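Chains A and B are the protein sequences, given in the same order. Residue numbering for the first sequence follows my numbering, beginning at 22 and increasing consecutively. Residue numbering for the second sequence follows my numbering, beginning at 22 and increasing consecutively.
Protein chains: 2
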Amino acid sequence: MRDSDARRAFLRSCRTVSGVLPDMDTVLAWFAAKDRRDRFEVRRVPFAALDQWDFLPDPLRLGHVSGKFFTIEGIRVETDFGPVPSWDQPIINQPEVGILGLLAREIGGTLHFLMQAKMEPGNVNILQLSPTVQATRSNYSRVHGGRAPRYLEYFTEPGRATILLDQLQPEQGARFLRKRNRNMVVVVDHDVPGHEDFRWMTLGQIKALLGRDDIVNMDARTVVSLIPLADPDEPPDEGLLDGLPEFCRAVFRSYCRSDRERHTMDAIMAWLTGGKARYGMDVTPLPLDRLRGWQVTDEAIGHESGLYFSVIGVAVEARTREATRWSQPLLHHQGQGLVGFLCQRQDGVLHFLARGSLEPGNRDGMEIGPTIACSEVAARAGRSCAPLFLERFLDPGEGTVRYDAVQSEEGGRFHHFRNRYMIVELPEGQDLDIPDHCLWLTLGQLWRMARHGHVNIEARNLLACLGAPEAGS
Amino acid sequence: MRDSDARRAFLRSCRTVSGVLPDMDTVLAWFAAKDRRDRFEVRRVPFAALDQWDFLPDPLRLGHVSGKFFTIEGIRVETDFGPVPSWDQPIINQPEVGILGLLAREIGGTLHFLMQAKMEPGNVNILQLSPTVQATRSNYSRVHGGRAPRYLEYFTEPGRATILLDQLQPEQGARFLRKRNRNMVVVVDHDVPGHEDFRWMTLGQIKALLGRDDIVNMDARTVVSLIPLADPDEPPDEGLLDGLPEFCRAVFRSYCRSDRERHTMDAIMAWLTGGKARYGMDVTPLPLDRLRGWQVTDEAIGHESGLYFSVIGVAVEARTREATRWSQPLLHHQGQGLVGFLCQRQDGVLHFLARGSLEPGNRDGMEIGPTIACSEVAARAGRSCAPLFLERFLDPGEGTVRYDAVQSEEGGRFHHFRNRYMIVELPEGQDLDIPDHCLWLTLGQLWRMARHGHVNIEARNLLACLGAPEAGS
Numbered sequence: 022m023r024d025s026d027a028r029r030a031f032l033r034s035c036r037t038v039s040g041v042l043p044d045m046d047t048v049l050a051w052f053a054a055k056d057r058r059d060r061f062e063v064r065r066v067p068f069a070a071l072d073q074w075d076f077l078p079d080p081l082r083l084g085h086v087s088g089k090f091f092t093i094e095g096i097r098v099e100t101d102f103g104p105v106p107s108w109d110q111p112i113i114n115q116p117e118v119g120i121l122g123l124l125a126r127e128i129g130g131t132l133h134f135l136m137q138a139k140m141e142p143g144n145v146n147i148l149q150l151s152p153t154v155q156a157t158r159s160n161y162s163r164v165h166g167g168r169a170p171r172y173l174e175y176f177t178e179p180g181r182a183t184i185l186l187d188q189l190q191p192e193q194g195a196r197f198l199r200k201r202n203r204n205m206v207v208v209v210d211h212d213v214p215g216h217e218d219f220r221w222m223t224l225g226q227i228k229a230l231l232g233r234d235d236i237v238n239m240d241a242r243t244v245v246s247l248i249p250l251a252d253p254d255e256p257p258d259e260g261l262l263d264g265l266p267e268f269c270r271a272v273f274r275s276y277c278r279s280d281r282e283r284h285t286m287d288a289i290m291a292w293l294t295g296g297k298a299r300y301g302m303d304v305t306p307l308p309l310d311r312l313r314g315w316q317v318t319d320e321a322i323g324h325e326s327g328l329y330f331s332v333i334g335v336a337v338e339a340r341t342r343e344a345t346r347w348s349q350p351l352l353h354h355q356g357q358g359l360v361g362f363l364c365q366r367q368d369g370v371l372h373f374l375a376r377g378s379l380e381p382g383n384r385d386g387m388e389i390g391p392t393i394a395c396s397e398v399a400a401r402a403g404r405s406c407a408p409l410f411l412e413r414f415l416d417p418g419e420g421t422v423r424y425d426a427v428q429s430e431e432g433g434r435f436h437h438f439r440n441r442y443m444i445v446e447l448p449e450g451q452d453l454d455i456p457d458h459c460l461w462l463t464l465g466q467l468w469r470m471a472r473h474g475h476v477n478i479e480a481r482n483l484l485a486c487l488g489a490p491e492a493g494s
Numbered sequence: 022m023r024d025s026d027a028r029r030a031f032l033r034s035c036r037t038v039s040g041v042l043p044d045m046d047t048v049l050a051w052f053a054a055k056d057r058r059d060r061f062e063v064r065r066v067p068f069a070a071l072d073q074w075d076f077l078p079d080p081l082r083l084g085h086v087s088g089k090f091f092t093i094e095g096i097r098v099e100t101d102f103g104p105v106p107s108w109d110q111p112i113i114n115q116p117e118v119g120i121l122g123l124l125a126r127e128i129g130g131t132l133h134f135l136m137q138a139k140m141e142p143g144n145v146n147i148l149q150l151s152p153t154v155q156a157t158r159s160n161y162s163r164v165h166g167g168r169a170p171r172y173l174e175y176f177t178e179p180g181r182a183t184i185l186l187d188q189l190q191p192e193q194g195a196r197f198l199r200k201r202n203r204n205m206v207v208v209v210d211h212d213v214p215g216h217e218d219f220r221w222m223t224l225g226q227i228k229a230l231l232g233r234d235d236i237v238n239m240d241a242r243t244v245v246s247l248i249p250l251a252d253p254d255e256p257p258d259e260g261l262l263d264g265l266p267e268f269c270r271a272v273f274r275s276y277c278r279s280d281r282e283r284h285t286m287d288a289i290m291a292w293l294t295g296g297k298a299r300y301g302m303d304v305t306p307l308p309l310d311r312l313r314g315w316q317v318t319d320e321a322i323g324h325e326s327g328l329y330f331s332v333i334g335v336a337v338e339a340r341t342r343e344a345t346r347w348s349q350p351l352l353h354h355q356g357q358g359l360v361g362f363l364c365q366r367q368d369g370v371l372h373f374l375a376r377g378s379l380e381p382g383n384r385d386g387m388e389i390g391p392t393i394a395c396s397e398v399a400a401r402a403g404r405s406c407a408p409l410f411l412e413r414f415l416d417p418g419e420g421t422v423r424y425d426a427v428q429s430e431e432g433g434r435f436h437h438f439r440n441r442y443m444i445v446e447l448p449e450g451q452d453l454d455i456p457d458h459c460l461w462l463t464l465g466q467l468w469r470m471a472r473h474g475h476v477n478i479e480a481r482n483l484l485a486c487l488g489a490p491e492a493g494s
């Protein structure tokens with residue numbers, strides 16, 4: 022498949038909500054059956070009860086005795102970006118690159134994607150939909166001692182499938198130190214062995230599920246966000262757009278190049294480079310017991326204020342995972358953050374307001390983030406110190422809410438870490454004062470920047486939610 | 022200027038060899054006059070005679086007492102890429118991001134660039150042509166105690182000029198630890214104060230100078246390499262190509278998108294991501310006096326074999342630089358390396374053979390390099406262990422040599438570090454066996470990958486040399 026064929030196939034799949042599974046009820050029934058059949062037991066345990074996890078010295082950190090998986094380390098952050106010049110925090114260090122892979126196949130003329138019903142201990146509802154493969158290197162080198170992940174060979178063995186997309190993408194820079202995963206979409210032209218935990222779905226079905234809370238997991242969202250909904254070089258076939266809601270048509274069209282884009286790609290690169298060069302962030306390793314404002318107890322590493330997040334231990338018992346019983350640390354989050362994009366029709370083309378984002382785990386300085394990304398703490402702050410544009414989401418006024426759902430972050434590392442994701446469209450022509458570190462981009466421009474790893478995961482999460490054929494967005 | 026206007030202006034400037042300076046004789050005469058008038062005195066001195074530079078402890082390294090500029094540190098490298106699994110070496114650590122900036126202005130309807138005749142202590146011929154501004158952060162924060170670099174304000178003060186290009190670009194990963202500079206081209210629409218060390222030149226004049234040995238310095242070459250010679254989205258005006266040599270026309274056309282490109286951009290990203298994920302390189306800091314195979318004496322840090330490079334000290338006396346007298350370490354290189362691209366018409370479109378390059382200083386794993394980049398040592402190795410494709414450059418046979426000149430690497434850090442740069446075109450239809458870590462790209466594709474910092478400096482150096490209107494290339 023050439024790029025242009027693949028992109029036409031993506032658009033067709035996106036507008037299709039009836040596939041191998043004929044309707045959303047069938048999708049949800051399969052999901053619910055799996056949920057009834059298999060269950061993780063997740064219990065909070067003190068650190069001392071974690072099997073093979075321990076506090077390691079020099080500097081003091083929490084890690085697996087094998088040296089594999091990940092460690093939780095302390096850092097001090099110093100920066101000239103944003104309102105807080107310095108803070109300490111724990112952070113996850115997981116240097117290895119994992120694979121988040123989506124297997125695709127044309128069935129009945131429509132591209133389908135093989136989704137997995139997968140349990141993760143940190144999800145509020147345990148079971149969510151993941152991509153076909155979600156494998157850390159420890160996973161597939163089998164440190165767990167379990168089976169190799171199903172379907173992994175289509176992503177690792179040359180010739181087993183055609184690669185449509187293979188990109189290194191950053192994860193949460195506020196929680197992970199320089200972490201990246203390979204995001205892959207590969208296509209086969211033949212049947213593959215089935216399994217009860219996996220189902221073929223159209224892109225439209227996945228988008229429809231993204232309209233609900235806590236079903237499509239973060240790993241699936243980041244891969245889906247990289248799938249372009251139209252060919253940037255070719256306006257979408259108007260026949261395919263027929264009957265779609267007007268905002269949805271604007272979304273598809275915003276993927277296409279146009280001379281009505283507010284900024285050129287060179288200007289966007291210059292804006293990002295300027296931000297990278299202007300703002301610095303120094304990150305120094307510190308022992309976990311020497312972080313200012315943080316306390317290490319037998320049960321948790323938490324902030325004195327009770328805010329932000331804490332490191333806890335959990336013990337897991339499972340029937341269907343690669344290993345049946347294990348324990349591990351997780352980053353527990355209380356409350357819901359808010360992640361949102363403002364968008365607006367400008368000269369007829371839908372633009373999204375991006376904001377430069379600099380976080381301690383970023384591998385290469387500033388990344389492109391959504392208009393707003395803040396914790397519940399910040400969202401509840403008084404009007405005087407509220408994050409910029411917060412009001413536009415909490416009280417949209419003349420704006421139109423195009424997307425509003427709660428999604429979970431990676432349940433293999435985070436415990437009950439959920440954000441409210443919103444997209445709000447401003448009325449055309451309404452003027453907005455924006456600071457230097459914000460910029461309007463089309464979806465095609467965001468997609469082109471994302472292809473090179475410049476767009477952060479919060480922004481990608483929102484991009485994934487766009488284009489649902491039966492919703493406002 | 023919009024992207025497309027700028028790109029048409031670049032192409033016109035590239036084809037023009039008569040500008041403010043009417044011909045190449047005038048350019049060379051100005052350069053020679055400056056060379057006669059001003060001179061650096063450069064003397065080798067022992068490390069103990071370096072003013073304000075010293076060996077600093079924990080780990081032992083060579084640095085400036087202010088903590089500014091750069092340090093020379095030791096590293097151990099371990100990798101699964103290439104034939105040598107592990108080695109030790111000194112490397113330059115210069116974490117700050119400098120500016121390499123070219124000021125442009127339309128004069129008589131043609132875009133001109135303000136080039137500087139600049140002395141650097143490490144150049145074999147001391148004087149070379151640099152971009153308008155070549156400033157480290159130490160430079161412009163004036164650690165030298167000297168003047169701020171001339172014309173710097175056009176690159177740092179918003180509103181003084183229009184930014185055409187502003188990108189972070191990596192430098193030699195074999196010699197610099199994660200070093201990057203901002204490469205900028207900005208344009209003004211009015212006169213700026215002149216200075217005897219600066220002259221306005223067309224892109225065609227710069228390209229013509231690149232056909233000669235050791236005139237256009239590395240910093241100028243990397244900025245010039247990022248200037249697209251045609252608009253990727255619009256075939257070049259055939260009138261502008263009239264009268265150009267046939268290879269030159271193929272060069273301009275190779276910047277334009279086409280459905281005859283051998284690989285799609287998604288496939289190119291997938292290839293690079295695959296390389297980044299597959300090959301690792303661990304870099305561990307080591308004290309300079311504990312590097313296997315290296316000896317530290319009063320005069321130099323050198324390899325026991327006498328090969329590779331050595332760290333030396335020089336004392337410099339100057340009349341026209343920011344500071345009039347200083348001393349510093351440089352990396353001395355003996356012999357000339359070879360850097361080359363193979364290219365070939367495929368389906369009528371000129372493609373270049375890129376090779377994945379993994380070096381210890383790379384910030385993000387594999388980068389896109391030229392077909393060959395090797396030291397004189399490697400180039401002289403016996404046939405059995407010669408670098409891949411070496412023979413195609415040393416004995417082109419049916420191939421056509423399109424470019425062949427010796428260029429100097431950064432004279433502010435390197436002493437007599439020169440490479441022979443070559444571009445050889447293979448006959449159309451001639452089959453070449455290429456390994457997995459090589460890939461054919463058009464110039465437009467290389468340019469688009471370079472925009473995001475994926476193309477290494479050796480490859481960019483060669484791209485800069487393409488498009489000279491009066492030469493074979």
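Glycine residues also receive a C-beta, built at the ideal position from the N, C-alpha and C atoms. Being a predicted model, the structure only gives us computed values, none of them experimental.
Fill in: Under the three-state DSSP convention, the category ASP425(B) falls into
To locate residue 425(B), count along the second sequence from 1; it is residue 404. Of the three classes helix, strand and coil, the one that applies to ASP425(B) here is strand, per DSSP.
Fill in: For LYS89(B), the three-state DSSP class (helix, strand or coil)
Your numbering for residue 89(B) matches position 68 in the second sequence. If DSSP states are grouped into helix, strand and coil, LYS89(B) belongs with coil.
Practice prompt. Please decide whether GLN188(A) counts as near chain D, where near means a Cβ-Cβ distance under 8 Å.
Written response: Here chain D cannot be found, since the structure's protein chains are A and B.
Worksheet item: Per DSSP, what kind of secondary structure is GLY465(B) in: helix, strand or coil?
Response: On the second sequence, residue 465(B) is found 444 positions in, with the first residue counted as 1. GLY465(B): helix per DSSP, three-state reduction.
Worksheet item: With 16 other CB atoms within 10 Å as the buried threshold, where does LEU484(B) fall?
Response: Stepping through the second sequence from its first residue, residue 484(B) is reached at position 463. By the neighbour-count rule (16 or more Cβ atoms within 10 Å), LEU484(B) is buried.
Practice prompt. Would you tell me roughly how many angstroms separate the C-alpha atoms of SER396(A) and TYR329(A), rounded to the nearest one?
Written response: If you number the first sequence from 1, residue 396(A) lands on position 375. If you number the first sequence from 1, residue 329(A) lands on position 308. Looking at the two C-alpha atoms, the distance is approximately 8 Å.
Worksheet entry | Span of the beta strand (DSSP E), counted from its first residue to its last, around ILE184(A) | In the first sequence, the residue the question calls residue 184(A) occupies position 163. Note, ILE184(A): beta strand (DSSP E), 183 to 191.
Practice prompt. For ALA156(B), name the three-state secondary structure that DSSP assigns.
Written response: Counting from one through the second sequence, the residue named residue 156(B) turns up at place 135. Correct three-state label for ALA156(B): strand.
Fill in: GLN226(A) - containing alpha helix (DSSP H), residue span
Working through the first sequence from its first residue, we reach residue 226(A) at position 205. 224 to 231 is the span of the alpha helix (DSSP H), which, as asked, contains GLN226(A).
Worksheet item: VAL118(A) touches chain B at which residues, Cβ-Cβ below 7 Å?
Response: As a working mapping, residue 118(A) is identified with position 97 in the first sequence. Going along chain B in sequence order, the residues near VAL118(A) (Cβ under 7 Å) are ALA298.
Worksheet item: Does DSSP put VAL145(B) in a helix, in a strand, or in coil?
Response: The count along the second sequence starts at 1 and reaches residue 145(B) at position 124. Three-state result, VAL145(B): coil.
Worksheet item: Which two residues bound the contiguous alpha helix (DSSP H) that contains CYS269(B)?
Response: Indexing the second sequence from 1 puts residue 269(B) at position 248. Its alpha helix (DSSP H) spans residues 267 to 274.
Worksheet item: Is DSSP giving SER348(B) helix, strand or coil here?
Response: Residue numbering aside, residue 348(B) sits at position 327 when the second sequence is read from its first letter. Strand at SER348(B).
Practice prompt. Using a cut-off of 8 Å between C-beta atoms, extract the partners of ILE478(B) located in chain A.
Written response: Indexing the second sequence from 1 puts residue 478(B) at position 457. Near ILE478(B) there are no residues of chain A at all, since even the closest Cβ is about 17 Å away, more than 8 Å.
Discussion item. Counting C-beta neighbours from all protein chains within 10 Å, is the total for ILE128(A) 16 or more, i.e. buried, or is it exposed?
Written reply: Counted from its first residue, the first sequence places residue 128(A) at position 107. Answer is exposed; the Cβ neighbour count stays below 16.
Practice prompt. Would you kindly report the start and end of the unbroken alpha helix (DSSP H) that includes LYS498(A)?
Written response: Only positions 22 to 494 of chain A appear in the structure, and residue 498(A) is not among them; the question remains open.
Worksheet item: According to a CB-to-CB cut-off of less than 7 Å, which residues of the region 194 to 227 of chain A neighbour chain B?
Response: ARG203
Worksheet item: How big is the Cα-Cα spacing for ALA394(A) and THR243(A)?
Response: The count along the first sequence starts at 1 and reaches residue 394(A) at position 373. The count along the first sequence starts at 1 and reaches residue 243(A) at position 222. ALA394(A) and THR243(A): Cα-Cα distance of roughly 16 Å.
Discussion item. Quick check on HIS52(B): does DSSP put it in helix, strand or coil?
Written reply: Along the second sequence, one-based indexing puts residue 52(B) at 31. As written in the sequence, residue 52(B) is Phe, which differs from the His given in the question. Helix, per DSSP.
Practice prompt. Note the first and the last residue of the continuous beta strand (DSSP E) segment covering GLU388(B).
Written response: Within the second sequence, the letter at position 367 stands for residue 388(B). Where GLU388(B) is concerned, the enclosing beta strand (DSSP E) stretches over 388 to 390.
Worksheet item: By DSSP, does SER279(B) sit in helix, in strand, or in coil?
Response: As a first step, residue 279(B) is located in the second sequence; it is residue number 258 there, counting from the start. Three-state result, SER279(B): coil.
Worksheet entry | Enclosing alpha helix (DSSP H) for LEU476(A) [first to last residue] | Residue numbering aside, residue 476(A) sits at position 455 when the first sequence is read from its first letter. Residue 476(A) is actually Val in this sequence, not Leu. Element bounds for VAL476(A): n/a, residue is neither H nor E.
Discussion item. Using only the alpha-carbon positions, how far apart do THR153(A) and ASP416(A) sit?
Written reply: Here the question's residue 153(A) lines up with position 132 in the first sequence. Here the question's residue 416(A) lines up with position 395 in the first sequence. Approximately 38 Å between the Cα atoms of the pair.
Fill in: Enclosing alpha helix (DSSP H) for SER246(B) [first to last residue]
Residue 246(B) sits at position 225 when you count from the first residue of the second sequence. Taken as a continuous stretch (DSSP letters only), the alpha helix (DSSP H) holding SER246(B) covers 239 to 246.
Worksheet item: Along chain A, which residues have their Cβ under 9 Å away from the Cβ of ARG472(B)?
Response: Looking up residue 472(B) in the second sequence gives position 451. Under the 9 Å cutoff, chain A gives MET286, ASP287, MET290, HIS473.
Worksheet entry | Coarse secondary structure for GLU259(B), derived from DSSP in three states | Along the second sequence, one-based indexing puts residue 259(B) at 238. Reduced to three states, the DSSP call for GLU259(B) is helix.
Fill in: Cross-chain neighbours of THR294(A) in chain B, by beta carbon under 8 Å
For this step, residue 294(A) is matched to residue 273 along the first sequence. What THR294(A) touches in chain B: ASP187, GLN188, LEU189, ARG203.
Worksheet item: ARG384(A) versus chain B: which residues are under 9 Å apart at the beta carbon?
Response: Along the first sequence, read from residue 1 onward, the residue named residue 384(A) stands at position 363. Within 9 Å Cβ-Cβ: ARG384, ASP385.
Worksheet item: Along chain B, which residues have their Cβ under 8 Å away from the Cβ of ILE248(A)?
Response: In the first sequence, residue 248(A) corresponds to position 227, counting from 1. Near ILE248(A) there are no residues of chain B at all, since even the closest Cβ is about 11 Å away, more than 8 Å.
Discussion item. Is there a Cβ of chain B sitting closer than 8 Å to that of ILE333(A), yes or no?
Written reply: In the first sequence, residue 333(A) corresponds to position 312, counting from 1. By this cut-off, ILE333(A) is not an interface position.
Worksheet item: Span of the alpha helix (DSSP H) holding ARG299(A)?
Response: Counting from one through the first sequence, the residue named residue 299(A) turns up at place 278. Run containing ARG299(A): 286 to 299, per the alpha helix (DSSP H) assignment.
Worksheet item: Would ILE147(A) pass as a contact of ARG60(A) if the rule is Cβ separation under 8 Å?
Response: Position 126 of the first sequence holds residue 147(A). Position 39 of the first sequence holds residue 60(A). In contact: ILE147(A) and ARG60(A) (Cβ atoms closer than 8 Å).
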